[in-house]
Amino acid sequence: MKQVLSFLCFSIISVFADEKKPNIIFILADDLGWAELGCYGNDFHETPNLDRLANEGTRFINAYAAAPVCSPYRAALLTGQVPARVGITDYLRPDASDGLSLDHLTLPEMLAGGGYTTGMIGKWHLTGYRHHGAKIETRPKDHGFSWNIGSEVKSVGNGANTWPYVFRTQPIPWIDLKTNRLGKEEYLTDRLNLEAVDFIERSAKKKEPFFLYLSHYAPHTILNGRKDLVEKYRKKHPPGKSGREDSYISEDAGLGKGDPGNHWAIDHNPHLAAMLESIDDGVGKIAAKLEELGIAENTILIFTSDNGGESNVTSNAPLRGGKSELYEGGIRVPLIVRWPRCVQKKATSTLPTMNTDFYPTLLEAAGVKKS
Numbered sequence: 001m002k003q004v005l006s007f008l009c010f011s012i013i014s015v016f017a018d019e020k021k022p023n024i025i026f027i028l029a030d031d032l033g034w035a036e037l038g039c040y041g042n043d044f045h046e047t048p049n050l051d052r053l054a055n056e057g058t059r060f061i062n063a064y065a066a067a068p069v070c071s072p073y074r075a076a077l078l079t080g081q082v083p084a085r086v087g088i089t090d091y092l093r094p095d096a097s098d099g100l101s102l103d104h105l106t107l108p109e110m111l112a113g114g115g116y117t118t119g120m121i122g123k124w125h126l127t128g129y130r131h132h133g134a135k136i137e138t139r140p141k142d143h144g145f146s147w148n149i150g151s152e153v154k155s156v157g158n159g160a161n162t163w164p165y166v167f168r169t170q171p172i173p174w175i176d177l178k179t180n181r182l183g184k185e186e187y188l189t190d191r192l193n194l195e196a197v198d199f200i201e202r203s204a205k206k207k208e209p210f211f212l213y214l215s216h217y218a219p220h221t222i223l224n225g226r227k228d229l230v231e232k233y234r235k236k237h238p239p240g241k242s243g244r245e246d247s248y249i250s251e252d253a254g255l256g257k258g259d260p261g262n263h264w265a266i267d268h269n270p271h272l273a274a275m276l277e278s279i280d281d282g283v284g285k286i287a288a289k290l291e292e293l294g295i296a297e298n299t300i301l302i303f304t305s306d307n308g309g310e311s312n313v314t315s316n317a318p319l320r321g322g323k324s325e326l327y328e329g330g331i332r333v334p335l336i337v338r339w340p341r342c343v344q345k346k347a348t349s350t351l352p353t354m355n356t357d358f359y360p361t362l363l364e365a366a367g368v369k370k371s
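Residue 1 is where the sequence shown starts when you use our numbering, and the numbers rise one by one after that.
Given below as C-alpha cells:
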C-alpha cells in the first residue's frame, strides 16, 4: 500500500504537513469494462471529460476489482478487506439477510471521525430489502454516511432509468427519488450527477473537508440509455448482433419481440455508449464545479468500475471473459486518479492495485489514523 501511495504522491511529506485535509470524490461506474473509455483505446465511445481527467492525473492499466460482481466489490471498498473476510462473496439477492455487518468500521465512518462531511449518491447494494422479506436492512446512513440520496429501496431497477423510476407494472418506484428535478423525462444518471454537484457546493460552503461516494447504476444491464444519445450512437455506427433473443424493454415500448431497440447489441451498443456519455458528462460537471469553487487543487477525484463489462453487451476485448468471471475481463477495471497538488499528471501506472487499497490510501491522504 505504501508503494501505491508513494507512486502517486511525489511530495508526500509536504502534502501531509499541510493541515488542510483534501476533499475526496469517488465515482463508481457499474459493470464498466476496462477497455470502454477513450483514454483506454476505445474509438466508438465518447468520453472527453474522463480522457481529460486521465490527462490531468494518473491512469492505471493494472487495476483490479476484489470480485467480478457488484456487492463484494462494494463491501471491499468500504471496509478495505477482501470479500471472503467480510462475508460477502456474491451479489446480494433482494431477500438477503447477510448484508454488510454493522461490526465493520467503514471508510465513511473513519473519515467522519476525522472531521469529514460524508455523502453518498446512488447504488448501495450492500443489503437485502424488507420489501422482499429480508430480516435485516441496513442503509448508507447506518455505515457512516451523513447524507444519502438515490439509493435503491427494493433492489435495482433493471432498465427503469427514467422518471418516475417504476419497473414495468410494479406500483412503486425502485429508488428513493420522490420528486423529479429535470422534467418529466428525467434520466437517472443526469439526476445523480446533479445531486453530486449540489452536494459539492453545499459542502464547500461549510469550510470542512468532504467525502462523496457517487455510485452510478449505469451501465449495468438491462442497458437503457437516454433517447437522444442512443440515437446519436445508432447513427455513428450500426449496432452489432443482439446477444439476447428478447428484451422486455423493447416489448414494453411497443417495439415487438426480439431486440429491435438494440439493448443487447454485443458490439457498438448504442445504449452502452449513451449511458457512458451520461456518466462522462457528470464527470465534466463535477470537475467544472470544483474549478468554480476553487477547490480542485485540494480534491482527490477518483473514477473506476466495480467489475468488468457484461459480456452480453460488450466483448471486453482485448481481455478474456467478463462480469461474473475471474478472467481478466471480469476483474480488470479502468482507474483514474487526479489530485493536482500530489498526483502525477499525464502518467500511466503499470503498478497492480486492487480496490481494497483505497481504504488505507485515502485514510492516509486524509491524515486519519485507523483506531
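Backbone N, C-alpha and C define an ideal beta-carbon position, used for all residues, glycine too.
1) When DSSP labels each residue in this structure, what does Thr361 get in the three-state scheme?
2) DSSP three-state call for Lys20: helix, strand or coil?
3) With H, G and I counted as helix, E and B as strand and the rest as coil, what does DSSP make of Pro352?
4) Please state if the CB of Val333 and the CB of Ala160 are separated by a distance shorter than 8 Å.
5) In three-state terms, what does DSSP make of Phe10?
6) Should Lys257 go down as buried or exposed, given a rule of 16 or more other Cβ atoms within 10 Å for buried?
7) Which same chain residues end up closer than 6 Å to Gly321 when comparing Cβ atoms and leaving out the 5 residues on each side of it in sequence?
8) Run through the DSSP bridge pairs and tell me what Leu214 is partnered with.
9) Considering only DSSP beta bridges, list what Glu49 is partnered with.
10) Taking the CB atoms as reference points, tell me whether Ala67 and Pro83 lie closer together than 8 Å.
11) How many Å lie between Ala134 and Ile25 at the Cα?
12) Could you pull out every residue in the same chain whose Cβ sits closer than 6 Å to the Cβ of Leu107, ignoring the five residues on either side in sequence?
13) Only counting the same chain, and skipping five residues up and downstream in sequence, which positions put a Cβ closer than 8 Å to that of His45?
14) Return the chain-ordered list of same chain residues with a C-beta closer than 6 Å to the C-beta of Thr89, the five sequence neighbours on each side being excluded.
15) Measuring only the C-alpha atoms, how far is Arg168 from Asn316?
16) With DSSP collapsed to three states, give me the class of Leu223.
17) Would Ser215 and Leu28 qualify as a contact pair, given that the criterion is a beta-carbon distance under 8 Å?
18) Looking only at its own chain, which residues have a Cβ that is under 7 Å from the Cβ of Gly99, when we skip the five neighbours before and after it?
19) According to DSSP, is Val313 helix, strand or coil?
20) Could you tell me the alpha carbon to alpha carbon distance between Leu229 and Thr47, rounded to whole angstroms?
21) Mark Tyr187 as exposed unless 16 or more other C-beta atoms lie within 10 angstroms of its C-beta, in which case mark it buried.
22) When the distance is taken between beta carbons, is Asn49 closer than 8 Å to Gly284?
23) Starting from Ser305, trace the alpha helix (DSSP H) both ways and give me its first and last residue.
24) I'd like to know whether the C-beta atoms of Ala365 and Ile300 end up nearer to each other than 8 Å.
25) For Arg191 and His143, what's the separation of their Cα atoms in angstroms?
26) Going by other Cβ atoms of all chains shown within 10 Å of its Cβ, with 16 needed for buried, is Ser14 buried or exposed?
27) Label Ala287 either buried or exposed according to how many other C-beta atoms from any shown protein chain fall within 10 Å of its C-beta, with 16 as the threshold for buried.
28) Quick one: Cα of His237 to Cα of His268, how far?
29) With a floor of 4 residues, list each alpha helix (DSSP H) that falls wholly inside the segment 240 to 306, ordered by position along the chain.
30) Within the chosen definition, does the segment 148 to 162 reach the segment 174 to 183 through at least 3 CB pairs nearer than 8 Å?
31) From what residue to what residue does the alpha helix (DSSP H) around Ala76 run?
32) Measure the CB-CB distance between Gly240 and Ile249 and report whether it falls below 8 Å.
33) How about Gly282 and Ala196: do their beta carbons lie closer than 8 Å?
34) Taking its Cβ as the centre, do 16 or more other Cβ atoms sit within 10 Å of Thr348, making it buried, or is it exposed?
35) My output table needs one value for Val374: the three-state DSSP class, helix, strand or coil.
36) Short of 6 Å in beta carbon distance, which residues of its chain neighbour Lys345, apart from the five on each side in sequence? Order them along the chain.
Reading it off the structure:
1) Three-state result, Thr361: helix.
2) Residue state, collapsed to three classes: coil.
3) Pro352 carries a coil assignment under DSSP once its states are collapsed to helix, strand and coil.
4) No, the Cβ-Cβ distance between Ala160 and Val333 is not below 8 Å.
5) Confidence at Phe10 is low in this model, with a pLDDT of 47, below 50, so the placement of that residue is unreliable and no value is reported for it.
6) Lys257 comes out exposed.
7) Within the same chain, Tyr327, Gly329 and Gly330 come within 6 Å of Gly321 by CB-CB distance, once the 5 residues on both sides are set aside.
8) Listed as beta-bridge partners of Leu214 by DSSP are Ile27 and Ile121.
9) The amino acid occupying residue 49 in the given sequence is Asn; Glu does not appear at that position. Per DSSP, Asn49 has no beta-bridge partner at all.
10) Yes, Cβ-Cβ distance for Ala67 and Pro83 is below 8 Å.
11) Looking at the two C-alpha atoms, the distance is approximately 31 Å.
12) Cβ within range, chain order: Leu78 and Tyr359.
13) Only Glu36, Leu37, Gly38, Leu272, Ala273, Leu276 and Glu277 meet the Cβ criterion.
14) Cβ neighbours of Thr89 within its own chain (closer than 6 Å, five residues either side excluded): Pro72 and Pro83.
15) Their Cα atoms are separated by approximately 30 Å.
16) Correct three-state label for Leu223: coil.
17) Going by C-beta atoms, Ser215 is nearer than 8 Å to Leu28.
18) For Gly99, same chain residues with a beta-carbon under 7 Å away, outside a window of 5 residues either side, are Leu92, Leu126, Thr127, Gly128, Ile136 and Thr138 in chain order.
19) Of the three classes helix, strand and coil, the one that applies to Val313 here is coil, per DSSP.
20) Thr47 has its alpha-carbon roughly 13 Å from the corresponding atom of Leu229.
21) Buried.
22) Yes, the pair counts as a contact, with Cβ atoms nearer than the cut-off.
23) Not the alpha helix (DSSP H): Ser305 falls in the beta strand (DSSP E), residues Thr299 to Ser305.
24) A distance below 8 Å separates the beta carbons of Ala365 and Ile300.
25) Going from the Cα of Arg191 to the Cα of His143 covers about 24 Å.
26) In this prediction, Ser14 has a pLDDT of 46, which is less than 50 and means its spatial position is unreliable; what the coordinates show is noted afterwards. The residue is exposed, with fewer than 16 neighbouring Cβ atoms inside 10 Å.
27) Note on Ala287: 16 or more other CB atoms within 10 angstroms of its CB, so buried under the neighbour-count rule.
28) Cα to Cα, His237 sits roughly 7 Å from His268.
29) As far as the segment 240 to 306 is concerned, its whole alpha helix (DSSP H) runs of at least 4 residues are 248 to 252 and 270 to 293.
30) Judged by Cβ distances under 8 Å, the segment 148 to 162 makes contact with the segment 174 to 183, as three or more pairs qualify.
31) Per DSSP, Ala76 belongs to the alpha helix (DSSP H) from Cys70 to Thr79.
32) No, the Cβ-Cβ distance between Gly240 and Ile249 is not below 8 Å.
33) Yes, the Cβ-Cβ distance between Gly282 and Ala196 is below 8 Å.
34) Under a 10 Å Cβ-count criterion, Thr348 is classified as exposed, with fewer than 16 other Cβ atoms of the shown protein chains found around its own Cβ.
35) Here the chain has residues from 1 to 371 only, and residue 374 is not among them.
36) Excluding residues within five positions, the ones whose Cβ falls inside 6 Å are Glu56.
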